[in-house]
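In full-length UniProt numbering, the protein residues as written are 1 to 474. See structure below.
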Amino acid sequence: LWFIVTPPPFPSLLLNPFKPFIIFSNRHEIRRIDLNKGEFSVLVPGLRNTIALDFHLSQSALYWTDVVEDKIYRGNFDVVIQYGLATPEGLAVDWIAGNIYWVESNLDQIEVAKLDGTMRTTLLAGEVEHPRAIALDPRDGILFWTDWDASLPRIEAASMSGEGRKTIHKETGNGGWPNGLTVDYLERRILWIDARSDAIYSAKYDGSGLIEVLRGHEYLSHPFAVTMYGGEVYWTDWRTNTLAKANKWTGANVTVVQRTNTQPFDLQVYHPSRQPQGECCNGKELCSHLCLINYNQTFSCACPHLMKLGPDKRTCYGKFLIEGVLFLDIDNPYYNYIISFTVPDIDNVTVVDYDALEHRIYWSDVRTQTIKRAFINGTGVETVVSADLPNTHGLAVDWVSRNLFWTSYDANKKQINVARLDGSFKNAVIQGLDKPHCLVLHPTLGLDTHTQMHTHTIVKLSHPFGLNFSEVDL
Numbered sequence: 001l002w003f004i005v006t007p008p009p010f011p012s013l014l015l016n017p018f019k020p021f022i023i024f025s026n027r028h029e030i031r032r033i034d035l036n037k038g039e040f041s042v043l044v045p046g047l048r049n050t051i052a053l054d055f056h057l058s059q060s061a062l063y064w065t066d067v068v069e070d071k072i073y074r075g076n077f078d079v080v081i082q083y084g085l086a087t088p089e090g091l092a093v094d095w096i097a098g099n100i101y102w103v104e105s106n107l108d109q110i111e112v113a114k115l116d117g118t119m120r121t122t123l124l125a126g127e128v129e130h131p132r133a134i135a136l137d138p139r140d141g142i143l144f145w146t147d148w149d150a151s152l153p154r155i156e157a158a159s160m161s162g163e164g165r166k167t168i169h170k171e172t173g174n175g176g177w178p179n180g181l182t183v184d185y186l187e188r189r190i191l192w193i194d195a196r197s198d199a200i201y202s203a204k205y206d207g208s209g210l211i212e213v214l215r216g217h218e219y220l221s222h223p224f225a226v227t228m229y230g231g232e233v234y235w236t237d238w239r240t241n242t243l244a245k246a247n248k249w250t251g252a253n254v255t256v257v258q259r260t261n262t263q264p265f266d267l268q269v270y271h272p273s274r275q276p277q278g279e280c281c282n283g284k285e286l287c288s289h290l291c292l293i294n295y296n297q298t299f300s301c302a303c304p305h306l307m308k309l310g311p312d313k314r315t316c317y318g319k320f321l322i323e324g325v326l327f328l329d330i331d332n333p334y335y336n337y338i339i340s341f342t343v344p345d346i347d348n349v350t351v352v353d354y355d356a357l358e359h360r361i362y363w364s365d366v367r368t369q370t371i372k373r374a375f376i377n378g379t380g381v382e383t384v385v386s387a388d389l390p391n392t393h394g395l396a397v398d399w400v401s402r403n404l405f406w407t408s409y410d411a412n413k414k415q416i417n418v419a420r421l422d423g424s425f426k427n428a429v430i431q432g433l434d435k436p437h438c439l440v441l442h443p444t445l446g447l448d449t450h451t452q453m454h455t456h457t458i459v460k461l462s463h464p465f466g467l468n469f470s471e472v473d474l
């Protein structure tokens with residue numbers, strides 16, 4: 001099975017799967033280092049700002065994140081995830097169930113999808129302050145991540161279905177920036193580096209048996225990422241621009257593996273021992289959409305955005321946008337049930353509305369003075385109204401006549417505006433107001449049930465402080 005990136009031709013990662021080599025990112029390239037010969041070659045050139053990477057050995061596929069383009073790629077630059085990403089700093093491939101997990105450092109959440117990017121959903125959110133790195137052991141169905149929370153820097157664990165969340169390590173000493181994270185599959189231990197104490201630590205999966213592997217070494221002066229192979233731990237260091245290794249138990253025999261011209265970021269050792277086989281997600285045939293491995297080789301079914309798990313805990317049903325109502329699960333208020341919209345499309349949003357017919361969301365941005373829209377699956381972001389939109393705090397979609405109303409005011413213009421949903425035929429319909437702030441429509445109140453002719457729309461608006469409430473017949 002060959003894995004090719006073009007251009008230039010990409011050498012197979014499986015020329016000899018039993019000879020280990022390192023793959024690492026230096027922002028603009030993904031490189032390969034032969035651990036036996038020390039030679040390096042470029043696997044993927046011409047990148048913008050690649051931070052995290054992982055691989056799927058049996059498919060001979062690389063995955064990586066780009067925090068400039070805010071996308072997740074694989075293979076020959078196939079885009080796996082391209083919408084609703086803010087800062088995907090951590091990435092991990094579930095090689096058993098065929099899923100991909102990633103950390104959203106700005107959105108403070110962990111998401112999961114199938115390897116091709118479909119069936120995407122929010123896995124963990126709430127009480128996640130500054131997540132950075134992520135690691136998996138699909139054999140045990142366990143997920144680990146680091147959190148830079150200033151008040152409680154820690155390492156947490158949960159099942160790969162998001163259940164059974166717990167803190168397994170709290171930084172109480174000189175640590176405080178738990179950065180890179182990896183799994184020792186042979187010993188069932190985790191290893192991590194702390195960028196504040198410049199140290200490498202190791203502990204069992206439950207957090208017990210903590211040891212300090214190495215601290216304060218010349219080539220461990222600002223570590224970023226960590227992995228391991230055999231009896232050695234490997235890491236990247238920003239201050240010395242090196243990839244180094246040492247004994248995974250004692251920190252002895254520190255050796256520079258590679259020096260780089262620029263800061264090295266994530267790294268992985270490509271070898272079958274880094275993806276040991278286990279029981280597959282035996283619920284794949286039972287789950288209608290997404291099968292996630294749970295503790296003790298069990299499984300849980302999950303649903304992609306806009307869908308909800310039915311009473312049978314197997315079948316996903318319906319869309320969350322039903323007949324003009326966007327449902328919020330009160331049991332999980334931090335979870336996203338639609339894909340997040342992030343920069344550069346979002347700057348300073350004041351008001352949001354939606355159109356159930358076309359499954360679009362509309363929002364106004366006071367800083368850019370624009371009104372934008374997009375489909376709720378994250379696609380089709382476009383500006384429908386721009387310029388001359390000071391202080392747009394009121395926005396409403398007339399889903400019957402297919403018009404858009406919004407408020408605006410400055411020293412000269414204090415009015416309510418209207419346009420078609422695509423922004424055409426823009427006009428002011430009510431002028432000479434004080435400071436119109438909120439806007440609500442009732443399009444069906446004037447609907448003639450016999451002729452289905454739209455006769456008028458009721459518009460209600462209010463003062464920012466609840467004064468001067470009025471009703472207008474348009």
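Even for Gly, the Cβ is constructed at its ideal location relative to N, Cα and C.
Selected residue, minimal CA-CA separation from residue i, among the options
i	options	result
Ala113	Asn106, Ser105, Leu124	Leu124
Gly126	Thr118, Glu104, Ile23, Ile168	Glu104
Thr370	Glu218, Gly394, Ser202	Gly394
Glu382	Pro390, Asn391, Lys372	Lys372
Asn261	Lys245, Ile81, Trp64, Asp237	Asp237
Val44	Asp54, Asn36, Arg31, Leu53	Arg31
Thr87	Ile72, Ile96, Val80, Asn99	Ile72
Gly46	Leu136, Glu232, Asn26	Asn26
Ala97	Thr444, Val366, Ser58	Ser58
Glu232	Thr368, Tyr185, Gly207, Leu286	Tyr185
Asn294	Gly278, Leu445, Val226	Gly278
Thr167	Gly380, Gln275, Gly207, Leu441	Gly207
Tyr354	Asn403, Gln109, Trp145	Asn403
Ser60	Gly38, Ile23, Asn36, Ile142	Ile23
Leu107	Asp116, Gly75, Asp70, Arg154	Asp70
Gly38	Tyr317, Leu62, Leu243	Leu243
Leu143	Pro436, Leu292, Asp266, Leu62	Leu292
Leu115	Arg132, Leu62, Val68	Leu62
Under the three-state DSSP convention, the category residue i falls into
i	result
Leu445	helix
Arg239	coil
Lys19	coil
Tyr295	helix
Ser60	coil
Pro178	strand
Pro88	strand
Arg373	strand
Arg215	strand
Ser273	helix
Leu389	coil
Ser300	strand
Gln268	strand
Asn247	strand
Ile339	coil
Ile200	strand
Val440	strand
Ile168	strand
Arg314	coil
Arg48	coil
Leu35	coil
Leu53	strand
Span of the beta strand (DSSP E), counted from its first residue to its last, around residue i
i	result
Met228	223-229
Val256	255-259
Ser159	154-159
Leu43	40-44
Asn403	403-409
Ala419	414-420
Arg27	Careful: Arg27 lies outside any beta strand (DSSP E) and carries neither H nor E.
Ser364	360-365
Asn427	427-430
Leu191	189-194
Val397	395-398
Phe144	142-147
Lys71	71-74
Thr350	349-355
Asp206	Note, Asp206: premise wrong, no beta strand (DSSP E); not H, not E.
Ile81	78-81
Any non-hydrogen atom of the ligand GTP closer than 6 angstroms to residue i Cβ
i	result
Ser208	By its list of ligands, the structure shown contains no ligand whatsoever, and the ligand GTP lies outside what it can speak to.
Minimum Cβ-Cβ distance from residue i to chain C less than 7 angstroms
i	result
Leu306	As a matter of chain content, chain C is missing from the structure shown, which is built from one protein chain.
- Query: So, do the stretch 145-152 and the stretch 293-306 have three or more beta carbon pairs nearer to each other than 8 angstroms?
  - Reply: no
| field | Every unbroken beta strand (DSSP E) within the UniProt repeat "LDL-receptor class B" (98-140), with a cutoff of 3 residues, ordered by chain | value | 99-104, 109-114, 121-125, 131-137
message: For the structure I just gave you, are there three or more beta carbon pairs, one from the stretch 190-197 and one from the stretch 239-246, closer than 8 angstroms?
response: Contact between the stretch 190-197 and the stretch 239-246 is absent, because fewer than three Cβ pairs lie under 8 angstroms.
Take every Cβ of the stretch 161-178, pair it with every Cβ of the stretch 242-251, and state whether three or more of those distances are shorter than 8 angstroms. Between the stretch 161-178 and the stretch 242-251 there are fewer than three inter-stretch CB-CB distances shorter than 8 angstroms, so the stretches are not counted as touching.
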